[in-house]
Amino acid sequence: MRLAGGAVRRYGPGMELVETVIEDARWEAFGLAALAERAGRAALAGLGLPAEGFAISLMGCDDARIAVLNADFRGKPQPTNVLSWPSEERGAEFVGEEPEPAAPGSAEEPESLGDIAIAWETCAREAGEQGKPMADHVTHLIVHGVLHLLGYDHVEEEDAAVMEGHEVRILASLGVSDPY
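Each residue of the sequence shown is one higher than the last, beginning at 8 in this note's numbering.
Structure, rendered in structure tokens:
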């Protein structure tokens, strides 16, 4: 699924890793594009991957939009905080193992890792309930989404331990406390 609609915001000089589509203006005021670029780059660096040669699409939307996506793609007609759609299957062969690293494309033809959608109301509510800054919570969810794009999962306990270990380490590199 390629995200469409909304305003695309570029971040920084040169090529950005994350193409951000804003469907809810609250994300624009929040600074989602810059935060997503920083979190996406940190996630790749934390796995020893370069940001150059990869591309990610991120949509900042509201609960109504993500509920439709959640219903369409997961059969769950309610809002959620974040959804991700890897461009290809990259999961590990065996439970508890690391997925094979994604191979970057070129600067002209970056390898698309996939798409992520994140919902304003659910993120704001969860951050408030957990007593954490919204920016820290959103950073965590973007790192989480990028790891899903790279083949990580948390369905099985062993896989969750691997994924969460990476999340904690990557977030620490960004100055974000352990979310678990």
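Yeah, the Cβ is synthetic: ideal placement off N, Cα and C, and Gly gets one too.
DSSP beta-bridge partners of residue i
| i | result |
| --- | --- |
| Ser-184 | Looking at the DSSP assignment, Ser-184 forms no beta bridge with any residue, so it has no partner. |
| Glu-26 | Ser-64 |
Local conformation of residue i per DSSP, three classes
| i | result |
| --- | --- |
| Asp-122 | strand |
| Val-175 | helix |
| Leu-56 | coil |
| Leu-39 | helix |
| Leu-90 | strand |
| Phe-80 | helix |
| Arg-72 | helix |
| Arg-97 | coil |
| Glu-164 | helix |
| Glu-116 | coil |
Whole-angstrom C-beta distance between residue j and residue i, which should lie under 8 Å
| i | j | result |
| --- | --- | --- |
| His-147 | Glu-174 | 7 Å |
| Asp-31 | Cys-68 | 5 Å |
| Asn-77 | Ile-125 | Contact flag wrong, Cβ pair sits at about 12 Å. |
Residue i to residue j span [Cα, whole Å]
| i | j | result |
| --- | --- | --- |
| Glu-158 | Ala-36 | According to the sequence shown, residue 158 is Gly rather than Glu. Whole-angstrom Cα-Cα distance: 31 Å. |
| Ser-119 | Ala-62 | 5 Å |
| Glu-116 | Met-22 | 11 Å |
| Leu-181 | Leu-42 | 11 Å |
| Ala-114 | Glu-59 | 6 Å |
| Gly-82 | Glu-133 | 22 Å |
| Ala-109 | His-155 | 12 Å |
| Ala-179 | His-144 | 13 Å |
| Ala-74 | Met-66 | 14 Å |
| Pro-86 | Glu-104 | 30 Å |
Per-residue burial, residue i [other beta carbons within 10 Å of its own, 16 or more giving buried]
| i | result |
| --- | --- |
| Ala-49 | buried |
| Gly-53 | buried |
| Val-102 | exposed |
| Ser-64 | buried |
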